[in-house]
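Below is one structure, written out as structure tokens; comments come after it.
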Amino acid sequence: MISQEQNDYITQVGPGTPLGNLLRRYWFPVAAASELKDQYTKKVRLLGEDLVLYRDKSGNLGLVQERCPHRGVSLVHGIPEKDGLRCQYHGWCFNAEGQCIEQPNEPEHSTFKDRIKIAAYKVQEMGGLIFGYMGPEPAPLLPCFDGFVVDNAIRVIGQAVLPVNWLQIMENSMDPVHTEWLHGHYHEYITAQSGTKQEVAFQRKHLKIEFDRFQYGIVKRRLLHGQTEESDDWKVGHPVVFPYMLAVGSGGLGTYAFQMRVPIDDHHTWHVWYNAYVPGPNVEIPEQLKEVCLYDVPFKDANGEFITDYIDGQDIMCWITQGAVADRTNEKLGTTDKGIILFRQMLKEQIAKVENGEEPINVFRDPASNQFIELPLERKKHHFSEGFASITQRFQTKYCPIVKDLIDLFDKVGVH
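As structure tokens, then:
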């Protein structure tokens, strides 16, 4: 158990909080690039701040505070200009640095506009996502993790806004044993209720688990019943990339799968499932699969009940039923929770680094080491041994509009 003060310390993300100061040292996804294809602005809330993401008439991206400083209206309804965003109320125009560059109804030689500046943050596009950076200058490099920049890939992005704090989602990723129960035995139980009892690879018992620090975060490893220590699950494992991303291994299926937990505020998280499917270097990707596909992931049905017939829905049910912010003052951690304890320890260590004027882990400054960051990842993951079609339809990707085309392509190139 921890105290309420300690719980607040590792969950509160707003401006000026210890954790908020740490998280502002990182780039976070704020939107899919396709969301600005047919519109110029999008309302964004990140780390407790209300913002507007926009693309101006020159194609440049900007990320600024939502409220115009003049009369406080929302700039989400603003007018895009050649080099900025103009407030629709009185025409004040702001560039991507937040500087007011025009006040049409002020005297011609007035310097008033020069003294008006709003909060503005850096933005950058990569792999079909738009990322924002809200921390101090100079901004670090946007990390080029493998799945974002791999060539000849089909990219799909699932999304859901969840009414929970980001940390309980991250702690789920540090809890390997839940997979044999929630995604194994529980899955068998609920399918039996519908008369289609289904045993799955996830049910295999964990013999041991381990967690290794590495330069980008923590690698988690597991040894399942019937495996040897030469198995990828134990020998390689897969990483939690500090502070907010999980990279999931595959069954040799040519897949990069990231889960990103973006803190909207203390009680809401934008969950992003990012998959890059690589059918092979010489495989021509069909035209209908070349655009990045963005889709919503449902987690409740029309009756308001949790949808738990797929893996991610099972996770979401557990995250939400912990409460908006998990009450860690009453938890009873066991030996299998050592990964959760390690992640909390890493959070506190990195917060302390920032408070001491140091840079935390995963802040990239050297372009030479940021070309293609290959993450350690098991390629023969036992949980994915059922094949591409089966596992694709048991995760949230079942809701992806192009999932059938994906399965057909991978069948055609001989990946099962």
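Sequential numbering from 5 applies to the sequence shown in the working numbering.
In this text, a Cβ means the ideal position worked out from N, Cα and C, and glycines have one as well.
Owing to the predicted nature of the structure, the values given are computational and were not obtained by experimental measurement.
query: For the alpha helix (DSSP H) containing His191, name the first residue and the last one.; result: Tyr190 to Gln197
query: Could you tell me whether the Cβ atoms of Phe206 and His387 are closer together than 9 Å?; result: yes
query: Counting Cβ pairs closer than 8 Å, one from the stretch 262–275 and one from the stretch 403–416, do we hit at least three?; result: no
query: For the putative contact between Gln318 and His187, defined by C-beta atoms under 8 Å, what is the C-beta separation to the nearest angstrom?; result: 6 Å
query: Starting from Asn279, follow the beta strand (DSSP E) in both directions and report where the run begins and ends.; result: His272 to Tyr281
query: Is the beta carbon of His242 less than 9 Å from the beta carbon of Glu382?; result: yes
query: Leaving out the 5 sequence neighbours to the left and right, which residues in its chain are closer than 7 Å to Leu146 when beta-carbon positions are compared?; result: Trp31, Gln128, Met130 and Phe135
query: Give the C-beta separation of Glu39 and Lys46 to the nearest angstrom, bearing in mind that I take them to be a contact with Cβ-Cβ under 8 Å.; result: 6 Å
query: Under the three-state reduction of DSSP, which class applies to Thr45: helix, strand or coil?; result: strand
query: Using only alpha-carbon positions, find the residue among Glu233, Leu211, His229 and Trp238 that is nearest to Val223.; result: Trp238
query: By alpha-carbon positions, which one of Lys209, Ile14 and Leu50 ends up nearest to Thr340?; result: Lys209
query: Apart from the five residues on each side of it in sequence, which residues of its chain come closer than 6 Å, Cβ to Cβ, to Thr15?; result: Asn169, Leu171 and Val329
query: Take the Cβ of Leu337 as the centre, count every other Cβ of all protein chains shown within 10 Å, and call the residue buried at 16 or more, exposed below.; result: exposed
query: By Cβ distance, which residues of its chain are closer than 7 Å to Arg369, with the 5 residues on each side in sequence left out?; result: Pro144 and Leu145
query: Would you report the Cα separation of Ser235 and Val181, rounded to the nearest angstrom?; result: 17 Å
query: Considering only residues of the same chain and omitting the five flanking positions on each side of Val154, which have a CB-CB separation below 7 Å?; result: Tyr260, Ala280 and Val282
query: Report the residue ranges of all alpha helix (DSSP H) runs contained in full by the stretch 186–270; include only those spanning at least 4 residues, in chain order.; result: 190–197 and 236–239
query: Going by beta carbon distance, what residues of the same chain come within less than 6 Å of Lys212, once the five residues before and after it are set aside?; result: Leu227
query: What did DSSP end up calling Trp96 once you bin it into helix, strand or coil?; result: coil
query: As a quick exercise: from Gly327, Cys404 and Ile320, pick the residue whose alpha carbon is nearest that of Leu293.; result: Cys404
query: Let's test the definition: count the other Cβ atoms within 10 Å of the Cβ of Ile345 and tell me whether it reaches 16, buried, or not, exposed.; result: exposed
query: Whose CA, out of Asn25, Cys148 and His275, lies closest to the CA of Val34?; result: His275
query: Would you check if the stretch 49–66 and the stretch 158–167 touch, i.e. whether three or more CB-CB distances between them fall below 8 Å?; result: no
query: Can you grab the Cα-Cα spacing for the pair Glu359 / Ser177, in whole Å?; result: 27 Å
query: How should Lys126 be labelled, buried or exposed, when 16 other C-beta atoms within 10 angstroms of its C-beta is the threshold for buried?; result: buried
query: Mapping DSSP to helix, strand and coil, what is Leu67?; result: strand
query: With a cut-off of 9 Å, does the C-beta of Gly131 fall near any C-beta of chain B?; result: The question asks about chain B, but that chain is absent: this structure has only one protein chain.
query: Just to confirm, is the Cβ distance from Pro84 to Lys117 under 9 Å?; result: no
query: Could you check whether the stretch 347–362 touches the stretch 190–197, counting it as contact only if at least three pairs of C-beta atoms, one from each stretch, sit closer than 8 Å?; result: no
query: Grab me the residues of Lys402's own chain with a C-beta within less than 8 Å of its C-beta, minus the 5 sequence neighbours each way, in chain order.; result: Tyr314 and Thr396
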